[in-house]
Amino acid sequence: MNYQDLGFKCGLECHQQLEGHKLFCRCPCLINDENKPDIVIKRKLRVVTGETGKTDEAAAFEMKRDRKFIYEAYSTSSCLVELDEEPPHEINKDALETALQVAILMNAKVVDIIQFMRKTVIDGSNVSGFQRTALIATDGRIQTSKGEVMIPTICLEEESAKKISENENEVYYKLDRLGVPLIEIATDASLKDPEHVKEAAGIIGMTLRSTGKVKRGLGSIRQDLNISIKGHPRVELKGFQDLRSIPKTVENEVIRQQSNIKKEIRKSEVRKVEPDFSTTFLRPMPGAERMYPETDVETIRITDDLIKKIKIPELLTEKAINLEKRYNLNPDLAREIIEIPYFEDFVRKFKNVDTRHIAQVVVEIPKEVKARFNVNTDNLKETDFAFVLNALNEKMIARSAVVDIMKELAEGKKVVLDNYKTVSDSELENHVAEITKKNPGASFNALMGEVMKQLKGKVDGKKAAELIKKILK
Amino acid sequence: MKKEFSQAELAEIKTKDNKAFKGILIPSSEKDTIFIKLKSGYNIGILKSKIKGVKKLGKIKIERPEATQHKHNKALPTISILHTGGTVASEVDYSTGAVYPRFTPQEIVAKFPELGSAANIHSKLISNMFSEDMRFAHYNKIAKEIESEIKKGVNGIILTHGTDTMHYTSAALSFMLQDLPIPVILVGAQRSSDRGSSDAFLNLASAALFIAKTDFAGVAICMHANMNDNDCLILPGLKTRKMHSSRRDAFKAINAKPIARVNYYKQIAEFLTHDHKKISKGTKLKVHLLRENLRIGIVRSHPSMHATELKAYSNFHGLILEGTGLGHFPVSKIDQKTGENEKILSEIKKLAKKMPVFMTTQTIFGRVNINVYSTGRKLQEAGVIGNYSDMTAETAFVKLAYLLSNHKNKEEVKRLMNENLHGEISKRIVGEEEFL
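These protein sequences, in sequence, are chains P and W. If you count by this note's numbering, then the first sequence holds residues 1 to 473, one letter each, in order. If you count by this note's numbering, then the second sequence holds residues 474 to 909, one letter each, in order.
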């Protein structure tokens, strides 16, 4: 497809959750609070009459439904602020600093005075009926392989509540996520093709992660896309779970719009991204957002002095190049290593283990365990890696034992290191001598196989091979 | 039909670092800054020192739809909504962010259509103020307005009010409006009505429903019963207090039960007490105004108190004490460090000679009893009254103002302070397993 000829227009909006505490109260950012909801409140939201005189189709859509909103709250992760029973507290200064760092990394111009706004939201996802949001910086840019992409706005806002279920009369929400700081980054509509959209999303995500302050894992960053081709109004796609699904989904949307044009259906709407790269209707396109000042929050003056004091983090891409050089890693491994915050700690701590081997333990071996044994290794924690590396560092185990130990750790088993204890050189010599005696005339390979089978994970293969060669001579 | 209600200035601001911002200029109190509302809806502030130039692009008219006229329906009761301020009836101008009031009956019904289906609505703006700014003069004005509405023959009155001192006003009106033939319901909001989650809608609709559906007469407060948008409580005007700085259900009955529970969505109003006053066409309202220049103080006892704190009230007309526990002030010298306490006692004595000095308790719940400890007995000997009263300090304060305004004889005022006139003192406080 020639996207230029199609009049392909596409802009990206990335929403990234931050770690720490919520934007306007001291509740921790516990997404998916595992405690039991201990407060349930029922509310109605009124659609406050519009000012423009025009009917907002999305507002009318929600108002017609006249639904009751049921909020499940957790006292571990929400307080009266989330319940809309207390005014917002002072802004989370760490979150503000992170937003400013991102603005600086994207060469954006930070506004002089930040004013938080109330953006009217009527689907119940904000208990108050509005989302608190502020424009932090304008006129940023990122570099892509297909040229510069402009970042017209960088905003800091509150995350909404998560919908659990709904029926005709009621919508159920969980409040754990409500109020978590969210950085919103919007590109202009200059993205050139589906692959370019994915690349830009990747660069924005990488920049955000460079601060070290963002949440990780499924749902912690969300991409919305605005897409249109010549002759079709703008369509918003929401709910990408994975960057890899972007190109195919964008392509499908373009095909859908093309067929719409043929059928003379031209509808501007919000669509939900499905796992099979298709999209389904979500709601009509909302009208111009109604915003008015959040008078409960003071305006924030961003002085030049304050900007100067902000530490600018190294971009992960730059950090990868540095790591590559410093530790003589291959570029792919380095790119994965930068996402592991404790890697350099490990290098400092486990001096007897080769740096490249540390990198293998934290990046490659979990993948190998997953592929070979079909064991989920995503739950391996920093402490698990430290356990294995410490054993290597203290020469308690051989390298060949790592895969099996990691497998046991991933399966949640308690690992008994004694089972993997390295055999001493003299013991090894005895073993090899015995096996050679028992198998007269056997080839090197057969002997090697037998030794490794018997002493699996307890010997260094290289050493065993040397010994066998010596005896065979 | 559209009508213009305000104008906004469109402008382009160029900054010294060559940024350009186009939008609506927003008035601000910060002198060194210009606030502008961008097309995206966001407001930002730009320091004047960083601005190269401001190009005015002309004024734009901001219009709002005019509310439609509602016809009088003879089958429905007529309710007068009197506004004293607060944010119950205000609305936001989304283009500038300014809040403006909507007070005409048409505007009120346009904003709260559920009111129009329950009653014929009259509406009047009495004042537009924060309730903490109110003085006795405002109580007089409100009382007179209510009187004139009753003369017009309305079936009930809703008084919209800031919540901070709503319980003072409800107590004041309970004393000032004697033989009130109809319901007067005070309604406030803890969340302003510009937001979808405002409690104003349900509080107002529930008050109107209560007026339309029941035979209640008298002064009461209607606010949320809990954090949910379902039940509202009708609370006794003389025995209610704001007990939370921000929750929707901040208002609680003190040493008393709520009068009724109202569920607007189920259209139910259920009485929780059996002795409410009933609507009576025959009774004639008598309005007792307050003396506007009265000086009545409220002083709270605390550790390490100083006599000078009391001295400040020497030229007042009356004083409410908020004692600790059963009604105590630090009045005993027990060692070298407590000499100040003797001075406090002597100061209270002096004050009690000049004016009624009435004891309440800062525990809020429960009754004053200054017989139990020697401290209480010393206070009684000093002339402090209020023994066995369970009035809140706020109600006692208002009652003292009402009595001092309408009785010349000080001894008579003291006697009446200790007597239950209109339900302000409970004869019995019944046991509840948990009172809060």
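Think of the CB as a built atom: it goes at the ideal place given N, C-alpha and C, for glycine as much as any other residue.
> From Thr153 of chain P to Ile91 of chain P, what distance separates their C-alpha atoms?
Replying inline: 20 Å
> At least one CB of chain W closer than 8 Å to the CB of Asp66 of chain P: is that the case?
Replying inline: no
> Shortest alpha-carbon distance to Leu603 of chain W belongs to which of W:Ala592, W:Ala591 and W:His556?
Replying inline: In the sequence on display, residue 603 of chain W carries Phe and not Leu. Among W:Ala592, W:Ala591 and W:His556, the Cα nearest to that of Phe603 of chain W belongs to W:His556.
> At least one CB of chain W closer than 8 Å to the CB of Ile519 of chain P: is that the case?
Replying inline: This structure cannot settle anything about residue 519 of chain P, because the visible part of chain P is limited to 1 through 473.
> If you run the structure through DSSP and keep just helix, strand and coil, what is Met452 of chain P?
Replying inline: helix
>> Counting only Cβ pairs nearer than 7 Å, list the residues of chain W close to Leu12 of chain P.
In response: Per Cβ cutoff of 7 Å: no residues; Leu12 of chain P is ~16 Å from chain W at best.
> Does the beta-carbon distance from Ser878 of chain W to Arg714 of chain W come in below 8 Å?
Replying inline: no
> Assuming Val582 of chain W contacts Ser647 of chain W under a Cβ cut-off of 8 Å, what Cβ separation, rounded to an integer in Å, is found between them?
Replying inline: With a Cβ gap of about 29 Å, Val582 of chain W and Ser647 of chain W do not count as contacting.
> Within the chosen definition, does the segment 67-75 of chain P reach the segment 38-49 of chain P through at least 3 CB pairs nearer than 8 Å?
Replying inline: yes
> In the structure shown, what three-state DSSP assignment does Leu877 of chain W receive?
Replying inline: helix
> How about Asn628 of chain W and Thr551 of chain W: do their beta carbons lie closer than 8 Å?
Replying inline: yes
>> Here's the rule: buried if 16 or more other CB atoms are within 10 angstroms of the residue's CB, otherwise exposed. What is Pro194 of chain P?
In response: buried
>> Using a Cβ-Cβ distance cut-off of 8 Å, determine whether Ile732 of chain W contacts chain P.
In response: no
>> I need the straight-line Cα distance from Gly50 of chain P to Gly412 of chain P, nearest angstrom please.
In response: Interpretation of Gly50 of chain P is limited by its pLDDT of 47, a score under 50 that renders its predicted location unreliable; the figure taken from the coordinates is listed afterwards. Between Gly50 of chain P and Gly412 of chain P, the C-alpha separation is close to 56 Å.
> Can you tell which of W:Met864, W:Ala874 and W:Gly800 has the C-alpha that lies nearest to the C-alpha of Leu852 of chain W?
Replying inline: W:Gly800
>> Suppose you measure from the CA of Ile114 of chain P to the CA of Gly518 of chain W; what does that come to, to the nearest Å?
In response: 6 Å
>> If the cut-off is 7 Å on Cβ atoms, which residues from the segment 27-47 of chain P count as contacting chain W, listed in chain order?
In response: Ile41, Lys42, Arg43, Lys44, Leu45, Arg46 and Val47
>> With three or more C-beta pairs closer than 8 Å as the rule, is the segment 761-775 of chain W touching the segment 869-883 of chain W?
In response: yes
> On the three-state DSSP scale, how would you describe Asp704 of chain W?
Replying inline: strand
> In the structure shown, what three-state DSSP assignment does Val361 of chain P receive?
Replying inline: helix
> For Val361 of chain P, which option in P:Val459, P:Leu409 and P:Thr207 has the closest C-alpha, if you only look at C-alpha atoms?
Replying inline: P:Leu409
>> My output table needs one value for Thr55 of chain P: the three-state DSSP class, helix, strand or coil.
In response: Only weak support is given to the placement of Thr55 of chain P: the predicted model assigns it a pLDDT of 45, under 50, and the question is left unresolved by the model.
> Taking C-alpha atoms, which residue in W:Gly859, W:Ile858, W:Gly896 and W:Gly839 lies nearest to Gly904 of chain W?
Replying inline: W:Gly839
> Is the distance from the Cβ of Met448 of chain P to the Cβ of Ala465 of chain P below 8 Å?
Replying inline: yes
>> At the level of alpha carbons, what is the spacing between Leu218 of chain P and Gly20 of chain P?
In response: 17 Å
> Looking only at DSSP bridge pairs, what is Arg271 of chain P linked to?
Replying inline: P:Leu237 and P:Phe281
> Should Gly589 of chain W be flagged as near chain P, meaning a C-beta pair shorter than 8 Å?
Replying inline: no
> Which residues bound the alpha helix (DSSP H) around Arg348 of chain P?
Replying inline: Phe343 to Lys349
> Curious, which full-length beta strand (DSSP E) runs of at least 3 residues does the segment 126-153 of chain P contain?
Replying inline: 130-144
>> Within 10 Å of its beta-carbon, does Ala371 of chain P have 16 or more other beta-carbons around it, so buried, or fewer, so exposed?
In response: exposed
> Given that Asn516 of chain W touches chain P, what residues does it touch there, using C-beta distances under 7 Å?
Replying inline: Gln115, Met117 and Pro293
> At what residues does the beta strand (DSSP E) containing Glu620 of chain W begin and finish?
Replying inline: No beta strand (DSSP E) holds Glu620 of chain W; the alpha helix (DSSP H) holding it covers Phe609 to Lys625.
>> Tell me the residue span of the alpha helix (DSSP H) that contains Phe69 of chain P.
In response: Here Phe69 of chain P belongs to no alpha helix (DSSP H); instead the beta strand (DSSP E) covers Lys68 to Ala73.
> Which residues bound the alpha helix (DSSP H) around Tyr327 of chain P?
Replying inline: Leu316 to Tyr327
> Cα separation between Lys311 of chain P and Lys162 of chain P?
Replying inline: 33 Å
> chain A partners of Ile509 of chain W, CB-CB under 7 Å?
Replying inline: Judged by its chain identifiers, the structure shown contains no chain A, and its protein chains are P and W.
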